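Numbering (the working numbering), first residue to last: 105 to 520.
Heads up: the structure comes next, in structure tokens.
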């Protein structure tokens with residue numbers, strides 16, 4: 105089955121645009137929150153309200169908003185269907201954006217009157233998207249659909265568990281209703297969110313997007329994708345069980361090995377990404393995704409060291425994972441997905457009309473390269489500064505300027 109966008113499966117711009125806009129604006133907010141909380145970050149006070157807000161703006165506002173928007177267009181294309189409820193997507197985008205603003209503002213200010221509405225709106229938005237995506241997946245004989253379906257279904261389950269556990273913790277932050285039980289819910293929330301939701305989604309979708317965008321050969325079939333899936337599931341379960349009680353504590357040493365094995369197999373199977381390319385084919389997408397894979401390799405090494413009780417502090421791994429791997433992966437794919445989606449919505453069948461921009465002109469390459477350089481300079485600077493005690497302000501400024509440049513460039517696609 106050919107994988108292509110048609111007039112029938114192209115989702116209207118007002119339905120998914122809010123997800124992409126929410127994500128890009130949230131990305132700019134993250135370094136602002138980190139700047140405001142830089143003294144707490146330098147002192148290792150990682151439960152500071154501003155730092156908690158920054159993490160959740162990254163995960164919910166940036167990563168998850170982009171993923172929810174992209175999934176609702178990608179699934180109909182890959183599975184040869186139509187989005188079940190385009191109108192629902194518009195409502196979900198609005199509810200989700202309001203929920204993220206309320207929840208993260210409530211975290212930053214410790215105001216229950218913001219935390220509680222956010223704890224309701226975010227899950228509502230996610231559940232609507234899950235229903236939409238779930239009903240849009242029909243049985244398909246296409247290889248891409250068969251390959252990514254178990255990853256997508258697993259990711260959808262994990263994001264549902266993540267937001268429900270997160271809602272419980274947000275209500276607990278406001279009302280204290282969980283009591284000592286929060287210590288069981290918190291590690292579950294973190295594990296299923298970071299390793300389950302993002303791990304399953306980004307690695308699984310990459311098996312399709314890398315060859316689809318010409319980043320790896322189209323005719324080379326992955327051999328270990330199902331094993332990667334199993335190892336990720338095993339790592340998630342082992343990590344959480346290790347926090348339940350002393351009899352299961354030994355699984356805390358097993359889980360990092362399972363995750364590292366999954367990442368290693370994925371990186372090995374996608375190693376063609378680093379094959380030599382002529383200069384004219386070195387689009388920023390290629391470099392973003394290459395950097396994401398390099399950060400992922402670093403994380404795999406960190407996981408192996410952590411299994412032996414060694415390795416850098418958790419915050420270091422968080423910066424490498426969220427700022428390094430996840431952000432570069434999102435930006436790499438988004439530089440292809442967003443202009444493609446917007447152009448087809450605005451200019452379908454009008455490509456030869458005067459004044460209609462060419463597809464390659466939807467995103468300017470110059471700002472894309474500048475954003476890439478500034479963001480990664482900031483990430484690498486933080487990775488050096490955090491364990492050594494160097495001042496953080498300059499590196500946070502790089503993150504902010506990089507995000508502003510790259511986000512403005514991508515948001516500009518809506519105006520072209």
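Built from N, CA and C at the ideal position, the CB exists for glycine as well.
Since the structure is predicted, the reported quantities are computational estimates derived from the model, not experimental observations.
Taking residue i as the reference, which of the options has the closest Cα?
| i | options | result |
| --- | --- | --- |
| residue 361 | 515, 378, 290 and 403 | 403 |
| residue 131 | 250, 516, 435 and 269 | 435 |
| residue 524 | 511, 419 and 344 | Lying before the first or after the last residue shown, residue 524 is absent from the chain, which here runs from 105 to 520. |
| residue 271 | 323, 164, 333 and 312 | 164 |
| residue 171 | 467, 354, 260 and 484 | 260 |
| residue 288 | 345, 298 and 311 | 345 |
| residue 377 | 343, 514 and 311 | 311 |
| residue 426 | 330, 448, 400 and 417 | 400 |
| residue 246 | 180, 191, 299 and 307 | 180 |
| residue 328 | 450, 366, 112 and 279 | 366 |
| residue 331 | 307, 319, 351 and 314 | 307 |
| residue 174 | 300, 313 and 507 | 313 |
| residue 191 | 150, 204 and 118 | 118 |
| residue 437 | 453, 454, 397 and 406 | 397 |
| residue 428 | 450, 448, 395 and 449 | 395 |
| residue 162 | 432, 408 and 476 | 432 |
| residue 357 | 371, 383, 224 and 410 | 410 |
| residue 466 | 368, 146 and 517 | 517 |
| residue 204 | 149, 151, 133 and 152 | 133 |
| residue 355 | 421, 412, 242 and 309 | 412 |
| residue 371 | 353, 393 and 350 | 393 |
| residue 464 | 514, 150, 148 and 224 | 514 |
Answer yes or no: do residue i and residue j have a C-beta to C-beta separation smaller than 8 Å?
| i | j | result |
| --- | --- | --- |
| residue 252 | residue 182 | yes |
| residue 201 | residue 116 | no |
| residue 226 | residue 257 | no |
| residue 138 | residue 158 | yes |
| residue 292 | residue 430 | no |
| residue 374 | residue 439 | no |
| residue 304 | residue 336 | yes |
| residue 141 | residue 154 | yes |
| residue 391 | residue 494 | no |
| residue 512 | residue 479 | no |
| residue 342 | residue 407 | no |
| residue 278 | residue 340 | no |
| residue 240 | residue 320 | no |
| residue 472 | residue 510 | yes |
| residue 496 | residue 423 | no |
| residue 520 | residue 461 | yes |
| residue 232 | residue 195 | yes |
| residue 491 | residue 417 | yes |
Using the C-alpha atoms, what's the distance from residue j back to residue i?
| i | j | result |
| --- | --- | --- |
| residue 237 | residue 474 | 35 Å |
| residue 235 | residue 445 | 22 Å |
| residue 220 | residue 210 | 8 Å |
| residue 176 | residue 120 | 8 Å |
| residue 338 | residue 255 | 14 Å |
| residue 216 | residue 229 | 20 Å |
| residue 381 | residue 273 | 48 Å |
| residue 443 | residue 295 | 33 Å |
| residue 325 | residue 468 | 33 Å |
| residue 136 | residue 504 | 7 Å |
| residue 222 | residue 125 | 19 Å |
| residue 281 | residue 269 | 13 Å |
| residue 470 | residue 387 | 10 Å |
| residue 156 | residue 498 | 21 Å |
| residue 212 | residue 144 | 13 Å |
| residue 322 | residue 188 | 29 Å |
| residue 453 | residue 110 | 11 Å |
| residue 405 | residue 441 | 30 Å |
| residue 249 | residue 178 | 10 Å |
| residue 455 | residue 447 | 9 Å |
| residue 379 | residue 318 | 12 Å |
| residue 152 | residue 146 | 11 Å |
| residue 114 | residue 316 | 17 Å |
| residue 242 | residue 108 | 16 Å |
| residue 333 | residue 421 | 22 Å |
| residue 105 | residue 199 | Its pLDDT being 42, under 50, residue 105 is placed unreliably by the model, and the measurement read from it follows with that caveat. When rounded, the distance between both Cα atoms is 35 Å. |
| residue 197 | residue 218 | 19 Å |
| residue 449 | residue 160 | 31 Å |
| residue 451 | residue 112 | 15 Å |
| residue 351 | residue 501 | 46 Å |
Those runs of the alpha helix (DSSP H) which lie wholly inside the segment 397 to 427 and span at least 4 residues: Under the rule that a run must span 4 or more residues, the alpha helix (DSSP H) segments found entirely inside the segment 397 to 427 read 418 to 422.
Runs of beta strand (DSSP E) lying entirely within the segment 288 to 356, each at least 3 residues, in chain order: Inside the segment 288 to 356, DSSP marks no whole beta strand (DSSP E) run of 3 or more residues.
Those runs of the alpha helix (DSSP H) which lie wholly inside the segment 431 to 470 and span at least 4 residues: When DSSP assignments are scanned along the segment 431 to 470, the uninterrupted stretches of alpha helix (DSSP H) that are 4 or more residues long and fall wholly within it turn out to be 431 to 451.
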